[in-house]
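Data first, discussion second: the structure below is written as C-alpha cells.
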Amino acid sequence: MFENLTEKLQRVFKNLRGQGKLTEEHLDAAVGQIREALLDGDVNVGVADELLAKIRAKAQGAEVMLQLSPDQQVVKIVRDELTELLGKHARPLFSSRPPSVWLMVGLQGSGKTTTTGKLAKWLSSHGHRPLVVSTDVYRPAAREQLAQVARAIGLPCWAATGTDKPLEIVRGAIREAKLSAYDVILVDTAGRLHIDKELMTELGELKRELQPSEILFIADAMIGQDAVRSAGEFHRRLGLTGVVLTKLDGDARGGAALSIGKVTGAPVKFVGIGEKYDALEAFYPDRIVSRVLGMGDVMTLIEKAEQSVDAKKAAEFERKLRRNEFTLEDFRDQLRQLRKMGPLEQIIGMLPKLGPLANLPKDAQVDEGRLKRVEAIINSMTAAEREDHSLIDGKRRKRIASGSGTSVQEVNQVLKQYMQMRKMIKQFGPAAAKGKLRGLGKLSGLS
Amino acid sequence: MITLFGKPEPTLLERLKESVGKTRSQLAARVEDLLAGDRQIDPALLAQLETALLAADLGVRTTREILQAVRDKVERRVLADGAQLKTELKNQLLGILSGNGTALPAAANPTRGAESAGTAAPRVIFVVGVNGTGKTTTIGKLAHRLREEGRSVLLCAADTFRAAANEQLDVWARRAGVELIKQKPGADPAAVVYDALSAAAARSIDAVIVDTAGRLHTKSNLMAELEKMKRTAAKLVPGAPHDVLLVMDATTGQNGLSQAREFTSAVGVTDIVLTKLDGTAKGGIVVAIVRELGLPIRFVGIGEKIQDLVPFDPQTFVNSLFD
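Sequences listed follow chains B and A, in order.
So the first sequence is numbered by numbering that gives the first Met the number 0: it starts at 0 and just counts up by one.
So the second sequence is numbered by numbering that gives the first Met the number 0: it starts at 0 and just counts up by one.
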C-alpha cells in the first residue's frame with residue numbers, strides 16, 4: 000500500500016539534504032508526488048486535493064523540527080492528516096436491549112455474505128450469540144449461500160420459510176432470537192446500486208422498523224473513484240455507522256477507505272483479509288496509515304503472534320530448549336505455529352521494510368506449499384524418528400520421501416535445516432528461540 | 000463460427016444510454032457543462048478536465064498523456080474553444096480504444112481465430128476474475144446470447160469453492176435453457192472441466208462456458224489452479240480455451256490494471272467484460288488497460304436481466320465518460 004510514497008518523497012528531498020529548509024519549489028514537487036501516490040491508490044481526486052491543500056498549509060506553517068529531515072517532516076504531516084481523516088478506532092455498537100440488529104449493506108459483489116459469516120464468527124468468539132439471516136430475495140441462490148456459510152462456521156442461520164418479504168423475514172428472525180436468546184442478528188441484505196430508488200427505499204424501511212445498532216457499508220478495497228458516490232448515497236439514505244473494507248488481502252491500495260471516510264464520516268470497523276472465515280480483523284486507523292506509508296504494521300503482527308501461539312506449548316518449548324532437546328517434533332510445532340499466524344505473505348506485508356528486511360522484495364513470494372511439504376515430510380516420520388533424527392538412514396529417507404510425496408533431496412534439505420537450527424539453539428540457548436523466524440524464513444526460500 | 004464478437008445493435012445501445020442515464024447525470028461531474036459551446040480554453044478549464052478524467056478512473060498516467068496531447072494542440076492554436084476541445088478529447092480516447100486488440104502481438108494470442116470449424120469440438124470459453132465482479136451473472140447472460148444465436152451451450156460449474164455457487168449457476172442455466180455440468184462442492188475444478196468437455200463432445204455441443212471461482216490475482220496457488228484447468232481443457236479440446244474472458248467490475252479503480260496483467264500472464268486473457276455499468280461508475284480503468292495491455296473489451300453488463308449484456312461500443316463508452 001502506497002509503499003512508494005516514502006521512496007518518492009525521499010527522491011524529491013534528496014537534493015535538499017544539508018539545506019535544512021523547505022522551499023516553495025520543493026514543496027510543490029513533494030505535493031505533486033503525494034497527489035500521484037494518493038490517486039494511484041484510488042483516493043478520490045476531490046478528497047485528495049482537499050487533503051493536499053491542508054498538507055501544504057501545514058507544511059508551510061510548520062515549525063522547523065531539528066530532529067526530523069524535511070522528507071520525514073512531510074511524511075509526518077501526511078500521516079497525521081490521513082490518520083485524522085480515518086478517525087479513531089471505533090468499537091462495534093450493540094443495542095442496550097438485545098437482540099442488537101446489524102444491517103449489512105452495499106453494492107453487488109462487495110462481499111456482504113462472506114463478511115456476514117466472518118462477523119458471526121468474530122462475534123461468537125467474542126462471547127456473543129449471533130443469528131444470521133439473509134433478506135436477499137433477488138439474487139439466485141443468495142439465501143442458500145448464507146445458509147451454507149453458516150453451516151460451514153457452525154452457527155445458526157434463520158431460514159425464513161413461506162415469505163419472501165425482507166421485513167417479514169427479519170421479523171421472524173427477531174422472534175427466534177428472543178426465544179433462543181441470540182443477542183445479535185446479522186442481516187445480510189441484497190446487493191444494490193445506490194441509484195436504485197426502489198431497493199434503497201426498501202433499505203430505508205428495514206432501518207425504520209429494525210432500529211439497527213449498526214448499519215455497516217461493505218466496500219470492496221479495489222473500488223475506485225466512484226466510492227464517494229455510492230458510499231455517500233448509502234450514507235445519505237441510511238446514516239451509516241461503520242464500514243467494512245473487504246478483499247484487502249490483494250494488492251489494492253485501498254485508498255477508498257479515505258474517500259469513504261471523508262464522505263460518510265463513518266469509521267472503518269473491520270477489514271477482510273482472506274478467504275477463510277476467520278480472516279477478519281478489527282481496524283486500527285493509526286496502524287493502517289503506518290502501513291500505507293510503508294512503516295509496517297508491527298502492532299497487528301504482535302497481536303497475531305499472541306493469538307496463535309499456544310502458551311502451554313511455548314513454555315514446553317522453552318523447557319526443551321534449556322535441556323537441549325529440540326527434536327523434529329518441536330521443529331514441526333514451530334512450523335505449525337508460524338503457519339497458524341496466517342498466510343506468510345500477509346505477515347511479511349506487516350513487517351517494516353527496515354534493517355535486515357529492507358531488501359526484501361516488495362512482492363516477496365512465499366512458497367506456502369514448501370512449508371506444507373516440510374510438514375508432510377516430518378509427518379511421514381515415525382515417532383521414534385522424530386525423537387531421534389540420527390535414526391534416519393538412507394533407507395528411511397527413501398521411505399519418508401515416498402510417504403510424503405517428495406524426494407530424498409527434499410528430505411535431506413529438511414534434515415539439514417533442522418540440524419542447523421538445532422545447532423544454533425545449542426550455541427545460543429533459549430535466546431535463540433527469537434531467531435526461529437529467521438531460520439524458518441530460510442525454509443520457505445525467503446532469506 | 001460463433002459470433003461472440005458481433006456488431007453492436009443500435010437498440011441495445013439505446014438501452015445502455017437509457018440505463019446509464021438514469022440518475023447518473025445528477026451525481027456525475029459534468030464534463031459536458033465544462034465544455035459547453037464557446038468557452039475559452041484556459042488553465043482552469045484544463046485542470047477541471049483533468050479532475051473529470053481522474054474521477055472516471057482513467058488513472059494518473061493515462062490522464063496525463065491524454066491531456067498532454069490536448070495541451071500541445073492548444074498551444075499550437077489548433078483548438079480554439081471548448082467544443083473543439085471536447086471533440087479532440089473524444090478522438091484521443093477513441094484512438095486508444097479502437098487500438099482495441101491491435102497492440103497485442105499475434106503470438107501472445109494464438110488461439111484467436113483458430114476456429115474449430117468443421118470439427119465436432121466445442122468452443123471453450125473460460126470466465127475468470129476477482130471475487131464479486133459478476134462472473135456467474137455474466138455467464139447466464141452470455142449463455143442466453145449464444146442460445147439466441149441458435150447455438151447449443153453447456154455450462155460448467157467449476158467454482159467448487161464459494162458457498163452455493165453451483166445453485167446460483169443452476170438458476171441461470173435454467174433461465175437460459177441450457178445444461179449444466181457440476182460436481183460436489185470442494186471438488187477439483189479441473190475435474191469438472193474434464194467432465195463438462197467430455198459431455199460436450201459426446202453431445203456435439205457448440206460452446207462450453209466455464210465458470211471459475213473468484214480469486215485475487217495475487218494468490219499464486221489459486222492462479223496455478225486456473226492454469227491447471229486450462230491445461231486440462233487443452234488436453235481434451237485442442238486449442239481450448241478459445242476465449243478467456245476477464246470479468247471486471249466498472250467500479251474497479253487502479254487495481255484493475257494489476258488484475259488484467261496478472262490474469263493475462265497466468266491464463267492468457269483474450270477479452271474483457273466490463274460489468275455493472277448501470278451504476279454511476281464509468282469504468283475508465285479499461286482505457287488504461289487497453290492502452291497498456293491491448294486487451295479488447297467485448298461486452299458490457301448493464302443490468303440484472305438476462306438480456307443486459309451488450310457488445311462494447313467505443314463511441315457509446317466515450318460519450319458516457321462525458322455525460
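Note that CB positions come from ideal geometry on N, CA and C, so glycine has one too.
Since this is a predicted model, take the numbers as computed values, not measurements.
Pair within 8 Å by beta-carbon distance, residue i and residue j
i: residue 226 of chain B; j: residue 244 of chain B; result: no
i: residue 191 of chain A; j: residue 232 of chain A; result: no
i: residue 120 of chain B; j: residue 283 of chain B; result: no
i: residue 208 of chain A; j: residue 154 of chain A; result: yes
i: residue 96 of chain A; j: residue 317 of chain A; result: yes
i: residue 84 of chain B; j: residue 261 of chain B; result: yes
i: residue 284 of chain A; j: residue 252 of chain A; result: yes
i: residue 188 of chain A; j: residue 224 of chain A; result: yes
i: residue 237 of chain B; j: residue 259 of chain B; result: no
i: residue 125 of chain A; j: residue 246 of chain A; result: no
i: residue 196 of chain A; j: residue 123 of chain A; result: yes
i: residue 45 of chain A; j: residue 78 of chain A; result: no
i: residue 198 of chain B; j: residue 169 of chain B; result: no
i: residue 166 of chain A; j: residue 140 of chain B; result: yes
i: residue 275 of chain A; j: residue 133 of chain A; result: yes
i: residue 111 of chain B; j: residue 130 of chain A; result: no
i: residue 286 of chain A; j: residue 57 of chain A; result: yes
i: residue 94 of chain A; j: residue 38 of chain A; result: no
i: residue 175 of chain A; j: residue 143 of chain A; result: yes
Option nearest residue i by Cα separation, candidates the options
i: residue 175 of chain B; options: B/135, B/214, B/189 and B/131; result: B/131
i: residue 413 of chain B; options: B/231, B/160 and B/371; result: B/371
i: residue 128 of chain A; options: B/83, B/380, B/221 and B/81; result: B/221
i: residue 109 of chain B; options: B/206, B/207 and B/192; result: B/192
i: residue 193 of chain A; options: A/276, A/235 and A/304; result: A/235
i: residue 156 of chain B; options: B/165, B/139, B/163 and B/187; result: B/187
i: residue 240 of chain B; options: B/35, B/408, B/401 and B/100; result: B/100
i: residue 98 of chain B; options: B/211, B/33 and B/378; result: B/211
i: residue 282 of chain A; options: A/67, A/296 and A/292; result: A/296
i: residue 40 of chain B; options: A/46, A/53 and A/44; result: A/53
i: residue 258 of chain A; options: A/65, A/218 and A/137; result: A/218
i: residue 57 of chain B; options: B/47, B/197, B/76 and B/280; result: B/76
i: residue 253 of chain B; options: B/23, B/183, B/25 and B/36; result: B/36
i: residue 310 of chain A; options: A/266, A/163 and A/137; result: A/137
i: residue 268 of chain A; options: A/256, A/164 and A/278; result: A/256
i: residue 219 of chain B; options: B/196, B/236 and B/248; result: B/248
i: residue 185 of chain B; options: B/216, B/373, B/391 and B/23; result: B/216
i: residue 139 of chain A; options: A/216, A/126 and A/172; result: A/172
i: residue 51 of chain A; options: B/49, B/50, B/54 and B/45; result: B/45
i: residue 387 of chain B; options: B/162, B/418 and B/229; result: B/418
i: residue 38 of chain B; options: B/26, B/51 and B/27; result: B/51
i: residue 231 of chain B; options: B/271, B/194, B/204 and B/162; result: B/194
i: residue 186 of chain A; options: A/164, A/176, A/279 and A/203; result: A/164
Chain C residues whose Cβ lies nearer than 9 Å to that of residue i
i: residue 167 of chain A; result: Looking for chain C here will not work: the only protein chains present are B and A.
Residues that residue i bridges to, as DSSP identifies them
i: residue 144 of chain B; result: Residue 144 of chain B pairs with nothing; no bridge assigned.
i: residue 310 of chain A; result: A/298
i: residue 133 of chain B; result: B/187
i: residue 99 of chain B; result: B/183
i: residue 218 of chain B; result: B/244
i: residue 80 of chain A; result: A/39
i: residue 104 of chain B; result: B/216
i: residue 270 of chain B; result: B/244 and B/280
i: residue 125 of chain A; result: A/209 and A/243
i: residue 121 of chain B; result: Answer by DSSP bridge pairing: none, since residue 121 of chain B is not bridged.
Contact list for the region 49-76 of chain A against chain B, Cβ threshold 8 Å: 50, 53, 54, 55, 56, 58 and 59
Ranges of the beta strand (DSSP E) found wholly within the region 139-187 of chain A, counting only runs of at least 3: 152-157 and 178-180
Whole runs of the alpha helix (DSSP H) within the region 200-287 of chain A, excluding any shorter than 4 residues: 219-235 and 254-266
Contacting positions in the region 250-263 of chain A - beta carbon closer than 7 Å to chain B: 250, 251, 252, 253, 254 and 257
Interface positions of the region 288-304 of chain A facing chain B (Cβ-Cβ less than 9 Å), listed along the chain: 303
The region 23-48 of chain B: positions lying closer than 8 Å to chain A by Cβ: 35, 38, 39, 40, 41, 43, 44, 45 and 48
Entirely enclosed alpha helix (DSSP H) segments - the region 31-86 of chain B, minimum 4 residues: 44-60 and 69-85
Members of the region 85-110 of chain B near chain A, C-beta cut-off 8 Å: 106, 107, 108, 109 and 110
Chain A contacts from the region 148-166 of chain B (Cβ-Cβ distance under 8 Å): 148 and 151
Chain-ordered residues of the region 198-221 of chain B with a beta carbon less than 7 Å from chain A: 219 and 221
Interfacial residues, the region 84-95 of chain A to chain B, with Cβ spacing under 9 Å: none
Residues, ordered as in the chain, of the region 171-203 of chain A that lie near chain B by beta-carbon distance below 7 Å: 171
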